[in-house]
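Numbering (my numbering), first residue to last: 50 to 329.
C-beta: ideal position from N, C-alpha, C; glycine also.
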Ligand code: PXL
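Structure (structure tokens):
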């Protein structure tokens, strides 16, 4: 069985970060170890959330793992709290990675042209150091613009997406993947760039005209899991994008649609079913 380590916060309520990554990766048949960076009452789009920083626990926990000889096939990082924490996480990656470890970084820090409430531009720049050590990063356009310094555009062309991907590759990531990319009217998905082969690749599915919080974490968890399971890049994008779209469609059926996250739990069986594409 493949084993992944995911490093991100626990938002106790709100369907994001670890409460999404752990169930999804486990459902995909991947042993999932977690390194919680902070415990929050909710994610930061709720008013008045509490937050207990766990930065001082990261080193003792991972030192213990080292003593136990624990290793990982992949390390997947998500929302991190502070700039110091980014440095600690880079150290953990360096400590645990070997030539076969997949390092997947979701530089979760913003959406719709803005950073999340807990972050500033300095933090955003620091996240580029983490992206530099990653095999794969999957920012949305907002995050990519903060990482690269290229201007954020709501309406854009394929050339803009390609320029952004090349700028991300210039930071040092082997395979940047830009999420929430709409290449044609009525479609949405992701586009990536393989810096070694100098090839662009993409996957688009039908755009559902609705936006929910937490879908970025769902997409990243399933994308990271698909790569760990050996999916090629286009199949991995398809599995992650189709499942994310399904979670949105499912949520729209719910008369009490939660604003804070999607009903991903109801369609986990379909995710498991879609893993058969990896072999096909
Ligand atoms: O979904 C990303 C995320 C993760 N963790 C926390 C957040 C957010 C987005 O707002 O606030 C704490």
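Proximal residues to residue i (C-beta, below 7 Å), its chain only, five neighbours per side dropped
| i | result |
| --- | --- |
| residue 259 | 297 and 301 |
| residue 295 | 316 and 319 |
| residue 165 | 93, 158 and 159 |
| residue 136 | none |
| residue 283 | 250 and 252 |
| residue 85 | 58, 59, 67 and 103 |
| residue 119 | none |
| residue 114 | none |
| residue 287 | 252 and 326 |
Inter-residue spacing [alpha-carbon to alpha-carbon] between residue i and residue j
| i | j | result |
| --- | --- | --- |
| residue 134 | residue 109 | 14 Å |
| residue 75 | residue 232 | 32 Å |
| residue 317 | residue 249 | 30 Å |
| residue 107 | residue 116 | 14 Å |
| residue 152 | residue 124 | 5 Å |
| residue 169 | residue 201 | 16 Å |
| residue 121 | residue 198 | 33 Å |
| residue 256 | residue 291 | 11 Å |
| residue 205 | residue 267 | 24 Å |
| residue 83 | residue 285 | 22 Å |
| residue 195 | residue 80 | 33 Å |
| residue 95 | residue 329 | 42 Å |
| residue 279 | residue 52 | 13 Å |
| residue 324 | residue 277 | 12 Å |
| residue 237 | residue 304 | 25 Å |
| residue 13 | residue 129 | There is simply no residue 13 to check, as the chain begins at 50 and stops at 329 in what is shown. |
| residue 174 | residue 229 | 21 Å |
| residue 322 | residue 312 | 18 Å |
| residue 71 | residue 63 | 14 Å |
For residue i, the residue or residues it bridges with in DSSP
| i | result |
| --- | --- |
| residue 62 | 91 |
| residue 225 | 186 |
| residue 158 | Answer is none; residue 158 lacks a bridge partner. |
| residue 236 | 255 |
| residue 52 | 80 |
| residue 100 | 89 |
| residue 243 | 248 |
| residue 123 | 53 and 151 |
| residue 163 | 160 |
| residue 230 | 238 |
Residues near residue i by beta carbon distance below 6 Å, same chain, minus five either side
| i | result |
| --- | --- |
| residue 167 | 93 |
| residue 273 | 125 and 153 |
| residue 77 | 274 |
| residue 155 | 127, 187 and 269 |
| residue 99 | 90 |
| residue 225 | 186, 214, 217, 218 and 242 |
Close Cβ partners of residue i (< 8 Å) along its chain, the five nearest in sequence each way excluded
| i | result |
| --- | --- |
| residue 227 | 187, 188, 189, 190, 193, 210, 213, 214, 217, 239, 240 and 241 |
| residue 223 | 183, 184, 185, 243, 244 and 245 |
| residue 181 | 220, 221 and 222 |
| residue 61 | 68, 88, 89, 90 and 91 |
| residue 149 | 122 |
| residue 271 | 73, 77, 288, 289, 292, 293 and 320 |
| residue 203 | 162 |
| residue 111 | 84, 141, 144 and 145 |
Minimum Cβ-Cβ distance from residue i to chain D less than 8 Å
| i | result |
| --- | --- |
| residue 131 | Absent from the structure is chain D; it holds one protein chain and no more. |
Contact test: residue i Cβ vs ligand 2 heavy atom, cutoff 7 Å
| i | result |
| --- | --- |
| residue 114 | Only ligand 1 can be found as ligands here, which leaves ligand 2 out of the picture. |
Which residues are close to ligand 1, meaning CB closer than 7 Å to any heavy atom, in chain order?
57, 58, 60, 65, 66, 89, 92, 93, 94, 127, 128, 157, 165, 167, 262, 263, 265 and 266
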